[in-house]
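Be aware that the sequence shown starts at 1, since it is given in UniProt numbering, and climbs by one per residue. Reviewing the structure listed below.
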Amino acid sequence: MPTSGAASSDGGGLLEVGRITKAHGLRGEVVVYLSSDRTERVAPGSKLESDRGPLTVVSSRKHQDRWIVQFQGCTTREAAEQARGTVLSAAPISDPEGMWVHELIGCMVQTTDGTNRGRIESVMDNPAADLLVLESGILVPVVFALGGPVDGVLLVDTPDGLFELLDS
């Protein structure tokens with residue numbers, strides 16, 4: 001089950017959905033790393049919030065594991081350079097099938113036999129599957145989650161011996 005959100009929330013109901021990593025070219029395009037699997041966040045016409053104010057996507061295209069994005073009003077390389085490091089935020093998208101990272105942080109991971117394995121400290125991007133990072137440092141692929149968290153508990157169905165292997 002893919003994660004649909006990002007690692008943090010600003011408390012105002014917005015979620016971090018990406019970050020501008022660098023300028024691209026001479027016409028104000030920037031490289032955006034999305035911390036969400038929701039690519040509609042960078043579709044033309046999309047509106048994102050930042051500490052620099054609201055930003056509207058004029059155009060975007062996928063480039064390797066990043067996006068090349070043109071924001072309204074950003075038309076020079078100098079403007080794009082100034083935007084480096086800008087955190088992009090947006091309101092959550094309603095997705096009954098998705099899990100938001102901010103909903104996972106702090107949840108207890110419990111195996112199907114009822115054993116508590118630790119609390120989720122963060123979620124790490126990984127090409128094969130995002131990984132739940134437990135307080136103990138153990139990494140659990142999110143694909144083992146059985147649905148979303150319920151009452152602060154995330155149930156996982158892991159292969160026999162996974163935790164024993166990781167504990168050794």
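Yeah, the Cβ is synthetic: ideal placement off N, Cα and C, and Gly gets one too. Keep in mind it's a predicted model, so treat the numbers as computed, not measured.
On the three-state DSSP scale, how would you describe Arg77? helix
Would you report the Cα separation of Arg19 and Arg41, rounded to the nearest angstrom? 12 angstroms
Integer-rounded CB distance, given that Ser136 should sit under 8 angstroms from Ile118: Reading off the sequence, residue 118 comes out as Gly, not Ile. Confirmed, Cβ separation roughly 5 angstroms.
According to DSSP, is Arg117 helix, strand or coil? strand
Should Pro92 be labelled buried (16 or more other beta-carbon atoms within 10 Å of its own) or exposed? buried
Quick check on the burial criterion: 16 or more other C-beta atoms within 10 angstroms. Buried or exposed for Val150? exposed
When you compare the CB positions of Val143 and Leu134, do they come within less than 8 angstroms of one another, or not? no
Candidates Ser46, Gly45, Thr86: which alpha carbon is nearest Tyr33's? Thr86
Closer than 7 angstroms by C-beta to Val69: which residues in its own chain qualify, once you throw out the five before and the five after it? Chain order, please. Glu29, Val30, Val32, Val42, Val57, Ser60
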